[in-house]
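Protein chains in written order, with the working numbering: chain A, 1 to 158; chain B, 159 to 510. In this text, a Cβ means the ideal position worked out from N, Cα and C, and glycines have one as well.
Structure below.
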């Protein structure tokens with residue numbers, strides 16, 4: 001007589017399912033997981049691991065941590081990073097030392113693979129969490145990451 | 159002939175100023191216009207309701223940009239569909255391809271005419287009402303079969319064939335579960351069925367256990383007949399693209415889409431009429447105000463439609479073999495047993 005118990009179990013499991021979704025329906029008002037995007041622009045905070053674009057943090061003295069080692073440029077699979085570098089005389093030791101002139105980053109080509117950031121030995125470049133990257137002109141997506149007049153922080157290479 | 163009795167006053171007014179032949183013609187057109195308007199508005203509102211309720215079941219917000227709480231979203235969608243190009247496949251059977259949506263929509267409209275919205279608002283009260291309703295509501299499947307075949311598309315054809323199989327199987331259960339209730343009412347005429355419920359309470363109470371079983375079977379089979387999830391193999395997105403209406407675009411697609419929702423309305427309305435007393439108010443609380451019947455009728459229909467939407471957003475889709483097993487091994491034998499059970503109940507006077 002498994003025929004009737006099958007029917008009973010069938011109806012019971014269907015009702016179980018319906019009670020689950022019914023609870024969702026009743027809690028729809030306060031349980032909504034949707035965020036209203038353009039409205040919540042002010043308060044929207046992207047989570048830490050989100051890969052928006054590569055940036056180079058600078059401190060208050062306009063110092064960055066990039067030594068110009070070009071490891072990120074080598075690590076980048078599609079050449080999104082170009083480093084224009086130069087040698088300058090270090091005033092303390094009097095020796096010639098490598099320094100970056102421009103750290104150029106092509107956001108339009110970047111695939112957000114994060115290899116450059118993993119390759120960086122001094123944590124000079126990190127991910128930013130911004131996501132509104134649309135612009136009207138493609139050339140605006142080529143960014144110079146080091147700010148004008150910035151220098152490398154002392155003691156990074158040691 | 160008391161077949162056309164929407165409102166006595168309009169009827170008398172038209173017959174007062176026009177000769178009889180012209181007057182009845184004008185009246186037909188008026189009724190058609192009223193029903194078409196209802197058809198369009200109900201379709202749009204049901205699509206809105208479906209999307210909103212689906213959103214709530216999935217903890218989303220649903221349409222909320224066009225108009226207050228997204229109320230005009232479906233109107234905007236309809237306008238978009240009107241402006242779209244009507245495409246057609248190369249080797250499609252053009253005549254049948256264009257004819258198919260009208261089959262579906264006309265079948266839905268004709269079925270709508272038999273439903274009593276209130277005591278007065280009832281276009282076509284024939285003595286074989288329920289029988290007529292079952293017969294007409296299964297014409298729609300011809301439109302689906304034609305559309306699927308004429309599209310010259312394999313997915314559409316498979317979808318249409320599945321629809322045929324499904325409707326033929328489940329038509330039986332719908333018919334038999336209605337028949338169970340006809341045993342109780344003793345008449346096929348829709349107005350008589352409702353009168354019988356006015357005297358002895360709603361049929362779901364009068365018939366108690368067999369009526370509840372019949373109602374459950376009717377809801378399952380009715381959901382299957384409208385091709386809605388969990389019985390939506392006809393247009394299973396993950397398997398067939400869009401099923402029988404894969405090749406339809408613009409307004410012709412919209413006709414199929416609207417007809418699907420009107421069919422849902424019709425199934426819910428039949429359930430309300432034969433199980434929940436149609437336009438009667440619960441415990442006769444508004445007996446003195448008969449025009450409130452429309453309100454009660456629509457309220458009950460919306461509750462049943464909500465139940466069907468609840469099914470849709472809860473249950474996963476069946477396989478074709480599971481679908482046939484459910485119908486032929488479970489619903490049909492249960493239904494036949496239930497009819498005998500109901501007959502015995504009535505014979506022994508165990509109904510309320």
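In the structure shown, the three-state DSSP call for residue 280 of chain B is coil. Listed by position along chain B, the residues whose Cβ is nearer than 8 Å to that of residue 13 of chain A form an empty set, because the closest Cβ is around 10 Å away.
For residue 33 of chain A, at least one C-beta of chain B is nearer than 8 Å to its own C-beta.
Shown here for residue 127 of chain A: same chain residues with a beta carbon closer than 6 Å to its own, the five before and five after excluded, namely 51 in chain order. About 6 Å separates the CB atoms of residue 257 of chain B and residue 304 of chain B; that is less than 8 Å, so the two are in contact. Note: residue 86 of chain A is bridge-paired with A:99 in the DSSP secondary-structure output. Between residue 475 of chain B and chain A, the shortest Cβ-Cβ separation is not below 8 Å. The residues 416, 419 and 420, in chain order, have a CB closer than 7 Å to that of residue 201 of chain B in the same chain once the five nearest residues on each side in sequence are set aside.
Beta bridge pairing from DSSP links residue 53 of chain A with A:128. Beta-carbon to beta-carbon, residue 272 of chain B and residue 290 of chain B are separated by about 6 Å, close enough to satisfy the 8 Å threshold. Those residues of the region 451-480 of chain B placed with their C-beta closer than 7 Å to a C-beta in chain A are 468, 471, 472 and 473, ordered along the chain. Excluding the 5 residues flanking it on each side, residue 330 of chain B has same chain C-beta neighbours closer than 7 Å at 490, in chain order. Within chain B, the C-beta atoms nearer than 8 Å to that of residue 21 of chain A come from 215, 468, 471 and 472, in chain order. Shortest Cα-Cα distance from residue 214 of chain B to any of A:77, A:108 and A:32 involves A:32. Burial of residue 463 of chain B is indicated by the presence of at least 16 other C-beta atoms within 10 angstroms of its C-beta.
Nearest in C-alpha terms to residue 145 of chain A, of all of A:86, A:114, A:53 and A:75, is A:53. For the region 369-397 of chain B, the set of positions with a beta-carbon nearer than 7 Å to some beta-carbon of chain A is empty. Taking a beta-carbon distance threshold of 8 Å, residue 218 of chain B counts as an interface residue toward chain A. Using beta-carbon distances, residue 1 of chain A does not count as an interface residue toward chain B, since no partner is under 8 Å. Residue 152 of chain A counts as buried, since at least 16 other C-beta atoms from the protein chains shown sit within 10 angstroms of its C-beta. Listed in chain order, the beta strand (DSSP E) elements of length 3 or more contained wholly in the region 419-501 of chain B amount to none. The continuous beta strand (DSSP E) containing residue 143 of chain A extends over residues 142-144. By the neighbour-count criterion, in which a residue is buried when 16 or more other Cβ atoms sit within 10 angstroms of its Cβ, residue 275 of chain B is buried. Residue contact check for residue 488 of chain B against chain A: a CB pair falls below 8 Å. The beta carbon of residue 17 of chain A falls within 8 Å of a beta carbon belonging to chain B, placing the residue at that interface.
With a cut-off of 8 Å on Cβ pairs, the region 37-51 of chain A is not in contact with the region 226-239 of chain B, counting fewer than three such pairs.
Contact holds between the region 381-392 of chain B and the region 422-429 of chain B, because three or more Cβ pairs, one in each stretch, are under 8 Å apart. Sorting A:124, A:132 and A:108 by C-alpha distance to the C-alpha of residue 147 of chain A places A:124 at the top. Boundaries of the alpha helix (DSSP H) harbouring residue 256 of chain B: 252-271, taken from the DSSP string.
Look at residue 152 of chain A here: in three-state DSSP terms it is strand.
Around the beta carbon of residue 136 of chain A, fewer than 16 other beta carbons sit within 10 angstroms, so the residue counts as exposed. In the DSSP assignment, residue 63 of chain A is bridged to A:151. Under the Cβ criterion of 8 Å, residue 24 of chain A is counted among the residues facing chain B. The beta-bridge partner set that DSSP reports for residue 106 of chain A consists of A:142.
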